[in-house]
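Line by line, the protein sequences are chains A and B.
So that you can map any letter, position 365 of the first sequence is 448 in the working numbering, and since no number is skipped, the others follow by simple counting.
So that you can map any letter, position 494 of the second sequence is 577 in the working numbering, and since no number is skipped, the others follow by simple counting.
Positions of the beta carbon are idealized from the N, C-alpha and C atoms, including for glycine.
Note sheet for the following structure.
2 protein chains.
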Amino acid sequence: DGSSVESLDYEVIENHAYREEQAQRGKLYVGYYVVVKWFFALLIGIGTGLAAVFINISVENFAGWKYSLTFAIIQKSYIAGFVVYVLINLVLVFSSVFIITQFAPAAAGSGIPEIKGYLNGVDTHGILLFRTLIGKIFGSIGSVGGGLALGKEGPLVHTGACIASLLGQGGSTKYHLSSRWLQFFNSDRDRRDLVTCGCAAGVAAAFRAPVGGVLFALEEVTSWWRSQLMWRVFFTSAIVAVVVRTAMGWCKSGKCGHFGSGGFIIWDISGVLFSGQEDYSFEELLPMAVIGVIGGLLGALFNQLTRYITYWRRNYLHKKGNRVKIIEVCLISLITSVISFGLPLFRECTPCPESDPSSGIECPRPPGMYGNYVNFFCGKDNEYNDLATIFFNTQDDAIRNLFSAKTIHEYSAQGLLTFLVVTFGTAVPAGQFVPGIMIGSTYGRLVGMFVVSFYKKLNIEEGTYALLGAASFLGGSMRMTVSLCVIMVEITNNLKLLPLIMLVLLISKAVGDAFNEGLYEEQARLRGIPLLESRPKYEMRKMTAKGVCGNRKVVYLPRVVKVADIVFILKSNNHNGFPVIDHARSGETLVTGLMLRSHLLVLLQSKVDFQHSPLPNDSRGGSLPIRHNFSEFVKPVSSKGISIHDINLTPDDLEMYIDLAPFVNPSPYIVSEDMSLTKVYNLFRQLGLRHIFVVPRVSRVIGMITRKDLLIED
Amino acid sequence: DGSSVESLDYEVIENHAYREEQAQRGKLYVGYYVVVKWFFALLIGIGTGLAAVFINISVENFAGWKYSLTFAIIQKSYIAGFVVYVLINLVLVFSSVFIITQFAPAAAGSGIPEIKGYLNGVDTHGILLFRTLIGKIFGSIGSVGGGLALGKEGPLVHTGACIASLLGQGGSTKYHLSSRWLQFFNSDRDRRDLVTCGCAAGVAAAFRAPVGGVLFALEEVTSWWRSQLMWRVFFTSAIVAVVVRTAMGWCKSGKCGHFGSGGFIIWDISGVLFSGQEDYSFEELLPMAVIGVIGGLLGALFNQLTRYITYWRRNYLHKKGNRVKIIEVCLISLITSVISFGLPLFRECTPCPESDPSSGIECPRPPGMYGNYVNFFCGKDNEYNDLATIFFNTQDDAIRNLFSAKTIHEYSAQGLLTFLVVTFGTAVPAGQFVPGIMIGSTYGRLVGMFVVSFYKKLNIEEGTYALLGAASFLGGSMRMTVSLCVIMVEITNNLKLLPLIMLVLLISKAVGDAFNEGLYEEQARLRGIPLLESRPKYEMRKMTAKGVCGNRKVVYLPRVVKVADIVFILKSNNHNGFPVIDHARSGETLVTGLMLRSHLLVLLQSKVDFQHSPLPNDSRGGSLPIRHNFSEFVKPVSSKGISIHDINLTPDDLEMYIDLAPFVNPSPYIVSEDMSLTKVYNLFRQLGLRHIFVVPRVSRVIGMITRKDLLIED
Ligand SMILES: Nc1ncnc2c1ncn2[C@@H]1O[C@H](COP(=O)(O)OP(=O)(O)OP(=O)(O)O)[C@@H](O)[C@H]1O
Ligand SMILES: Nc1ncnc2c1ncn2[C@@H]1O[C@H](COP(=O)(O)OP(=O)(O)OP(=O)(O)O)[C@@H](O)[C@H]1O
Ligand SMILES: [Mg+2]
Ligand SMILES: [Mg+2]
């Protein structure tokens with residue numbers, strides 16, 4: 084399975100073609116390049132924002148239509164309503180899983196671990212293609228609209244990254260949607276920056292939290308960060324916020340169906356509904372710490388269960404083909420529908436509390452789709468069903484209801500516990516962000532209820548506890564801290580809660596870390612994505628570079644090499660880089676640089692560099708001929724590229740030679756054999772390398788470079 | 084002047100003593116170390132928070148007392164009031180400048196460029212000492228309380244960094260305030276992290292903006308960033324916010340004199356005063372863009388003028404000694420006092436507008452120190468003096484008044500222009516943050532006034548424009564973007580303004596960048612701090628490592644070296660690192676590593692490693708003897724350390740030998756002679772190096788390291 088993953092090359096290959104191309108480019112080019120970068124940041128922002136709006140409008144309309152139809156039918160018959168409800172869900176979910184399995188298999192799952200891997204330096208095949216983007220958008224509409232315990236947040240991050248990557252390579256070549264003048268960023272290095280922007284844009288779109296988006300990209304996804312990038316990432320996120328806001332303004336007048344009044348609901352809790360607590364007293368810190376501990380424990384448990392189930396699904400269930408996958412998801416949809424419709428039926432309704440007109444909350448909610456206090460299967464008109472309020476609703480609405488202030492005693496402990504267990508159970512195979520918020524806010528609200536009845540005098544809102552619960556569960560499961568904190572603050576638009584959220588996150592992360600790794604790391608491991616953490620392992624202090632290489636013989640290439648030899652070498656191993664060795668006049672060997680497998684394949688395929696003579700090119704006088712454009716060597720994103728087995732060479736070709744000198748990377752990074760692995764690791768990780776040469780102790784130093792040498796004034 | 088600056092050593096010197104020490108430490112030690120790190124983050128937060136509270140309480144009390152005294156006296160005589168006002172200011176400013184010149188010269192100036200330099204890898208002498216901390220705190224109390232155009236923001240960043248650094252080295256050894264068990268972080272590398280926390284804490288304290296503090300540290304100050312650090316930095320900032328909030332709660336009941344109702348005023352504009360605009364229309368974007376352009380132009384002008392004046396002061400004025408410095412500052416204080424008292428006298432008062440009780444703003448302001456509509460030198464009781472409202476006030480109050488909403492037409496264009504010119508003039512020699520906000524909000528409000536009278540129908544607040552103006556000026560001068568944006572949002576607690584602030588910042592930064600560099604970079608250059616930018620210069624693409632070293636002969640040391648030779652070498656140059664060369668049995672030379680000047684000096688001073696024989700130590704069998712603790716080699720922060728001229732060696736000593744093998748860094752980073760300087764620069768900058776060895780092309784590769792080799796499971 085690891086074979087579907089390959090490292091990216093962030094190194095600048097300073098070969099002959101590159102140097103020529105650089106020499107031709109003036110300072111003007113640099114300016115142009117910067118402008119294009121910003122323009123792309125703008126496009127990524129607009130694209131991701133529109134995708135988010137599209138997904139939300141679709142989901143809200145499907146779900147809204149589904150619920151209003153069901154409510155209309157259950158006025159006459161609950162059974163007919165149930166059947167219709169189940170069927171609609173099934174159709175939506177089926178279409179989603181069909182699209183994904185048949186058309187875009189790489190779009191399955193949250194996508195965040197893969198994107199994280201991409202930004203860490205490993206490319207998972209298919210992850211950033213056009214078809215994956217399409218599959219992701221329509222897949223998440225179907226599954227979220229169909230009521231599965233999934234959010235649109237992870238998919239949005241993936242969507243943003245796909246948009247960014249497609250822009251970076253100038254569109255999709257396969258679907259003839261590419262444009263030459265957009266093919267600007269033809270190195271992995273440039274694309275990495277764009278994908279970082281795309282990630283931030285995705286989070287910003289999902290939560291309408293531009294700062295949170297930047298911090299998420301910074302904390303959770305990227306592995307390299309430059310401060311110039313920050314401003315561009317922030318710009319992208321803000322553009323997303325503006326696009327979403329504009330679209331929502333436009334929809335307010337009812338032009339977007341059900342979306343006008345619902346949708347993007349997580350984002351609206353800052354208004355009337357969630358005024359939150361302005362103040363908190365010292366006594367409340369203890370229950371809040373308890374929430375943190377619960378969050379850490381449940382989050383770790385969640386990760387562990389998710390891990391087992393994912394493992395089992397990958398290794399047993401999904402081996403059996405696509406049909407099993409489709410059946411599996413439809414079954415889950417069926418179960419979810421039955422539970423969300425059925426459980427509230429068994430629940431006795433509660434009489435409405437005395438209404439407080441100033442709070443703006445009516446009980447039961449007026450006809451329409453949104454609000455607390457849902458009247459469902461109740462005998463009397465002024466009653467509500469607390470389970471239906473959270474179960475028989477879209478997830479966004481359920482969260483909004485759980486977070487809502489001024490609704491003390493709306494839910495019973497029993498109802499919340501039921502919801503907690505059920506959501507936990509259904510979320511394990513699927514969800515990450517939104518189900519996590521639901522789980523967390525449920526037990527948060529439970530704790531809040533106890534606090535309300537315990538400290539009777541204090542001004543406590545159960546909604547605040549729900550919010551803290553959500554933060555704690557996400558913290559305990561994902562182990563993000565800063566970005567989560569900021570996202571929560573941006574969602575609620577209440578900066579005063581910041582220290583509380585921090586406290587809870589600190590505790591839940593610490594508790595969770597005692598048990599296992601974060602959700603994304605676990606998933607990356609399960610999917611075989613070899614992430615390099617930012618810190619070297621402790622054992623590396625005692626290892627050396629030479630030790631880790633062992634006695635493996637290095638496979639190298641001579642400077643002028645026979646085509647047959649290249650083919651043999653490339654077939655006999657799957658290394659991706661080869662040192663190139665030349666002989667000096669004195670007869671001693673000299674390492675001239677590093678040759679990449681992908682570049683060798685390009686040379687073999689084009690054949691223009693084949694020569695009959697086994698002598699170096701430049702020995703016949705004059706400079707090296709340039710027959711290649713630098714962009715020919717660029718490998719497309721997320722594809723395997725060409726393989727040695729795809730290349731047809733005639734017996735004549737095999738007898739020819741190639742002079743590799745113009746194509747090698749003449750300055751790979753080198754380390755001395757007895758450097759400790761910690762330092763090698765830092766070098767590799769910080770600079771985003773793919774290959775390091777381990778060399779024997781040098782015999783001479785011909786110069787020292789210090790800060791003074793690098794301070795060049797222009 | 085460059086001689087007062089020296090590079091820091093972030094490299095891990097993996098010498099013998101270090102390896103021994105590492106070997107003795109178990110995994111438990113790592114856990115302990117992490118706990119101490121977090122504990123220190125807590126302490127830094129508390130310390131910086133308390134320092135901020137202390138500074139604010141003092142400033143508010145001095146200023147409050149000054150203004151109430153003056154107001155009391157001017158009821159009888161304006162001349163007596165003027166004299167008292169001028170004298171109080173003079174005394175405060177004199178005490179400040181006296182403390183700084185006599186006791187803590189390193190505390191002069193904002194300190195941010197030096198801290199930035201520290202985190203970039205260069206240590207300015209004296210910048211992080213205990214006396215600097217004390218000087219900074221009391222100096223800024225005097226000068227801000229005395230009404231100079233200075234803020235407490237820059238000083239707070241420096242204060243935070245000092246506190247962090249002192250904690251890091253376990254207190255101040257000079258003042259016998261150190262504690263051995265606190266001396267945990269005895270490498271530059273660890274201290275760097277602490278100082279980063281300190282910076283963020285300073286900004287968080289200055290603006291009560293924890294997220295802004297983190298982003299400021301990230302964007303503007305640090306040069307290296309690891310995602311683990313982020314959480315710790317965020318924790319520190321949040322602790323600061325909690326400490327400040329608690330202190331303010333405690334002070335509300337009047338226990339802190341004038342502080343209860345004023346102070347930390349910038350932070351309170353989110354309440355009644357600044358409700359800001361909730362919405363904005365499309366037409367307003369044009370005037371806002373204009374604000375951005377003005378901000379860019381004025382900011383660049385400000386930087387340029389500051390640069391000339393700073394240059395002139397450093398090179399002419401301050402050469403003449405401390406007395407001139409003191410006289411200079413006192414003169415500035417005198418001028419400031421005369422202007423702030425005198426100009427309002429020449430201004431005719433304006434009749435109060437019809438009061439709107441719902442806005443909660445009275446005209447003229449009730450007796451007491453804080454509020455809009457100051458009655459000063461007016462004929463009638465219900466009049467106010469718009470110049471006095473902004474001039475004759477602490478800066479925080481002036482800003483608050485400028486930002487205030489629901490006070491349309493409070494200021495006349497003439498009044499604002501006068502204020503703008505004067506503040507600009509007095510701010511140039513001194514201020515950065517707060518004067519910048521004042522300048523910006525003045526022209527912002529001016530633009531706002533025109534917009535109000537132009538688009539009569541719209542719901543426009545002049546205060547919002549003042550805020551945007553402030554952002555634009557800071558953006559045009561400091562060229563920070565993300566952190567400034569977040570700080571502004573946190574100050575106003577209004578996330579809806581985010582896109583507007585971003586737009587303005589984007590424009591003002593772009594306009595400013597067309598003219599000159601950011602304020603801190605310019606200042607760093609003027610002060611001779613050699614900052615390495617994060618991006619290599621364009622010219623470096625065409626240079627190679629060998630080219631930059633030129634034909635300079637490398638000064639090296641043999642493995643076993645005569646003491647007299649060391650002394651000669653150290654005296655004959657001031658290089659800080661020397662390659663150590665050994666001879667293999669085959670007779671060829673081998674580079675065994677890098678020896679630092681500071682380590683050589685420690686060896687010379689302690690003398691315990693002197694030996695009579697010129698033979699290597701280990702050739703006499705057995706392992707190397709360890710006579711040193713690793714911490715002996717640690718250089719204290721911000722001090723020159725020992726010099727070769729301070730070391731006394733007897734003629735006998737000079738005849739002895741030292742075997743350097745146990746002390747060299749055996750694995751310095753090496754680059755091949757023809758690596759392009761861009762790549763060398765990246766290596767140097769990203770890893771925070773101090774020395775790189777340039778070596779000839781290697782003749783052999785003994786191993787390849789790829790991602791697979793670094794994925795070690797524990
Ligand atoms: N030219 C070579 N000669 C000898 N060993 C090599 C060579 N290149 C790589 N190796 C070794 O072979 C193993 C796998 O190499 P490979 O090139 O597949 O790298 P990788 O870690 O899988 O990363 P990538 O994603 O680039 O393939 C590594 O342990 C590496 O040390
Ligand atoms: N051992 C050496 N032999 C020859 N040249 C050296 C040696 N060490 C440094 N140099 C050169 O001398 C110049 C100044 O060296 P120096 O060691 O003072 O470094 P620096 O840039 O001032 O940084 P630092 O702050 O560490 O002193 C640099 O151009 C460097 O290349
Ligand atoms: Mg491989
Ligand atoms: Mg020097």
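**OP:** Quick one: residues in its chain with C-beta nearer than 7 Å to the C-beta of F474 of chain A, no 5 flanking neighbours on either side, listed in chain order?
**Re:** S423, L426, P427 and F502
**OP:** Compute the minimum distance between the beta carbon of D729 of chain B and the heavy atoms of ligand 2, and state whether it is under 6 Å.
**Re:** no
Original post:
Straight-line CA distance for E103 of chain A to R610 of chain B?
Top reply: 40 Å
Original post:
Is the shortest distance between the beta-carbon of F716 of chain A and the beta-carbons of chain B less than 7 Å?
Top reply: no
Subject >> Spatial distance of D351 of chain B from G546 of chain B (CA atoms) >> reply: Reliability of the predicted coordinates at D351 of chain B is poor, the pLDDT of 47 falling under 50, and the value obtained from them is presented with this limitation in mind. Between D351 of chain B and G546 of chain B, the C-alpha separation is close to 14 Å.
Original post:
On the three-state DSSP scale, how would you describe S669 of chain A?
Top reply: coil
Original post:
What are the uninterrupted segments assigned as alpha helix (DSSP H) that are 4 or more residues long and contained completely in the segment 536-594 of chain A, given in chain order?
Top reply: 545-561 and 565-575
Original post:
Using 8 Å as the Cβ pair cut-off and three pairs as the minimum, do the segment 742-751 of chain A and the segment 669-680 of chain A touch?
Top reply: yes
Original post:
Would you call the segment 683-696 of chain A and the segment 733-746 of chain A in contact, with 3 or more CB pairs under 8 Å?
Top reply: yes
**OP:** Report the rounded CA-to-CA distance for G558 of chain B versus Y399 of chain A, giving the unit in angstroms.
**Re:** 57 Å
Subject >> Cβ shell of G404 of chain B (< 6 Å), same chain only, five flanking positions each side left out >> reply: none
Original post:
From V638 of chain B to N657 of chain B, what does the alpha carbon distance come to, in whole angstroms?
Top reply: 11 Å
Original post:
Roughly how many angstroms separate the alpha carbons of I349 of chain B and K335 of chain A, rounded to a whole number?
Top reply: The predicted position of I349 of chain B is uncertain, since its pLDDT is 48 and thus under 50; a value taken from the coordinates is nonetheless stated next. Roughly 36 Å separates the two Cα atoms.
Original post:
Any heavy atom of ligand 2 closer than 6 Å to the Cβ of F661 of chain B?
Top reply: yes
**OP:** Quick one: list the residues of chain A neighbouring I753 of chain B, beta-carbon separation under 7 Å, in chain order.
**Re:** I753, S755 and V781
Original post:
Got a sec? Which residues, its chain only, sit under 8 Å from Q694 of chain A by beta carbon, not counting five neighbours each side?
Top reply: N700, M739, Y740, I741 and D742
Subject >> Separation of S226 of chain A from L173 of chain A, as counted between CA atoms >> reply: 9 Å
**OP:** Compute the beta-carbon to beta-carbon distance between G234 of chain B and V176 of chain B, rounded to the nearest angstrom, for a pair I have assumed lies under 8 Å.
**Re:** Rounded, the Cβ-Cβ distance is 15 Å, inconsistent with contact.
**OP:** Could you tell me which chain A residues have their CB closer than 9 Å to the CB of C334 of chain B, listed as they occur along the chain?
**Re:** Residues of chain A passing the Cβ test: none, with the nearest at roughly 16 Å.
Original post:
Are the segment 187-201 of chain A and the segment 210-225 of chain A touching by the rule of at least three beta carbon pairs closer than 8 Å?
Top reply: yes
Original post:
In chain B, what lies closer than 9 Å to R282 of chain A by C-beta?
Top reply: Just to set this straight, residue 282 of chain A is Cys in the shown sequence, not Arg. Ordered by position in chain B, no residue passes the 9 Å Cβ test against C282 of chain A, which lies about 14 Å from the chain.
Original post:
Terminal residues of the continuous beta strand (DSSP E) containing D742 of chain B?
Top reply: Y740 to D742
**OP:** Using a Cβ-Cβ cut-off of 7 Å, state whether V631 of chain A counts as contacting chain B.
**Re:** yes
Subject >> Secondary structure of L683 of chain A, DSSP reduced to three states >> reply: helix
Original post:
Under the criterion of a Cβ to heavy atom distance below 6 Å, does V778 of chain B qualify as lining ligand 2?
Top reply: no
**OP:** Could you say if the segment 299-314 of chain A and the segment 104-119 of chain A meet the contact criterion of at least three C-beta pairs nearer than 8 Å?
**Re:** no
**OP:** Spell out whether any CB of chain B is found under 7 Å from the CB atom of N203 of chain A.
**Re:** no
Subject >> alpha helix (DSSP H) segment containing D206 of chain A, residue limits >> reply: Where D206 of chain A is concerned, there is no enclosing alpha helix (DSSP H), although the beta strand (DSSP E) it sits in stretches over V205 to T207.
Subject >> Bridge-paired residues (DSSP) for F776 of chain B >> reply: A:M787 and B:I753
Original post:
From the beta carbon of D351 of chain B, is the nearest beta carbon of chain A less than 7 Å away?
Top reply: No answer about D351 of chain B holds up, because its pLDDT of 47 lies below 50 and its placement is not dependable.
Original post:
Apart from the five residues on each side of it in sequence, which residues of its chain come closer than 8 Å, Cβ to Cβ, to V644 of chain B?
Top reply: Y740, I741 and L743
**OP:** Note down, in chain order, each residue of its chain lying with its Cβ closer than 8 Å to the Cβ of G354 of chain B, except the 5 sequence neighbours on either side.
**Re:** Residue placement at G354 of chain B is poorly supported in this model, since its pLDDT is 44, which falls under 50; the coordinates are not used for a value here.
**OP:** State buried or exposed for D692 of chain A, treating a residue as buried only when at least 16 other CB atoms are found within 10 Å of its CB.
**Re:** buried
Original post:
Going along chain A in order, which residues have a C-beta closer than 8 Å to the C-beta of F317 of chain B?
Top reply: T564, V565, C568 and M585
Original post:
Closer than 9 Å, Cβ to any Cβ of chain A: which residues of the segment 88-110 of chain B, in chain order?
Top reply: S90, E94, V95, E97, R102, Q105, A106 and K110
Original post:
At a cut of 8 Å, does the segment 161-169 of chain B reach the segment 567-584 of chain B through at least three beta carbon pairs?
Top reply: no
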